[in-house]
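Notes follow once the structure below has been shown.
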Amino acid sequence: MWVLCSAFTLLAISLGSCDTLMSEQGVPCPPLQVADWKFPQSSRVNITGFNLVRGFSLLKDTNVKKIRSPRGPVILRLGKTALLRPSDQVFPHGLPDEFTLIFTLALKKAALRDTVYLFQISDQQGYPQLSVEFSGPDGTLSIRAAGLDPAAGPVSCVFTGEGVEALMDLR
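Here you go:
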């Protein structure tokens, strides 16, 4: 099952693969670098994605608050709405080897006191296989994934620093 829970600050976070994730504590992940990164205009690469609004029929969902904006498109406030879909419906060919997640968030003060799961994929028994979570109390953004060896526990990468601090300024 694909679970996407949201809490929200104005920010676009691009997360790529963290090539050498270590299960040891205290091993720093590579720095998150997104400044000045753009798709080349001359690129002929077909970049595909999953349209969350269309894929989850958010415009028809009565639990999603629609806010009209005179200066742009409709704003959708998900709040604590959990969006659930079978993973084969969202990713019919399975997860790609590499992918990017981009979030636009507007966090509320309450989110700074909690851990918010921004994205989660669970197996059929409901155990998380991949998740992205924001921890307000710790000031961290974490990526966790089930490793190849289930007995070893999940593999994780924890981000701290300026990029994560920007989430907490509530602007």
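Counting with mature numbering (1 follows the signal peptide of the UniProt record, and there is no 0), you get residues -18 to -1, 1 to 153 for the letters of the sequence shown.
Idealized CB from N, CA, C, for every residue including glycine.
Keep in mind the model is a prediction, meaning the values are calculated, not measured.
Could you check what DSSP says for residue i in three-state terms: helix, strand or coil?
i, result
"A148", "helix"
"V46", "coil"
"Q111", "strand"
"P132", "helix"
"S51", "coil"
"R36", "helix"
"L65", "strand"
Grab the span of the beta strand (DSSP E) containing residue i for me, first residue to last.
i, result
"T98", "As written in the sequence, residue 98 is Val, which differs from the Thr given in the question. Here the beta strand (DSSP E) through V98 covers 97 to 104."
"S124", "122 to 128"
"T86", "83 to 86"
With a CB to CB cut of under 6 Å and the five nearest residues on each side skipped, what residues in its chain are close to residue i?
i, result
"F21", "Since pLDDT at F21 reaches only 48, below the 50 mark, its modelled position is unreliable, and the value read off the structure follows with that caveat. The answer is none, since no qualifying residue turns up."
"S5", "The predicted position of S5 is uncertain, since its pLDDT is 43 and thus under 50; a value taken from the coordinates is nonetheless stated next. Contacts found: V137."
"S117", "T97"
"L41", "none"
Over what stretch of residues does the alpha helix (DSSP H) that includes residue i continue unbroken?
i, result
"R59", "Run containing R59: none in the alpha helix (DSSP H); it sits in the beta strand (DSSP E), 57 to 59."
Near residue i, which residues of its chain fall below 7 Å by C-beta distance, leaving aside the five closest residues on each side in sequence?
i, result
"F38", "L65, R67"
"P119", "R95"
"Q15", "Reliability fails at Q15, whose pLDDT of 44 lies under 50, so the model's placement of it is uncertain and the value that follows must be treated cautiously. Same-chain partners within the cutoff: there are none."
For residue i and residue j, what's the separation of their Cα atoms in angstroms?
i, j, result
"residue 155", "G108", "Since the first residue shown for the chain is -18 and the last is 153, residue 155 is missing from the structure and cannot be characterised."
"R36", "V72", "11 Å"
"P74", "G129", "22 Å"
"S69", "S124", "21 Å"
"P52", "T63", "25 Å"
Between residue i and the rest of its own chain, which residues show a CB-CB distance below 8 Å, the 5 nearest in sequence each way excluded?
i, result
"T122", "F116, V140, F141, T142, V146"
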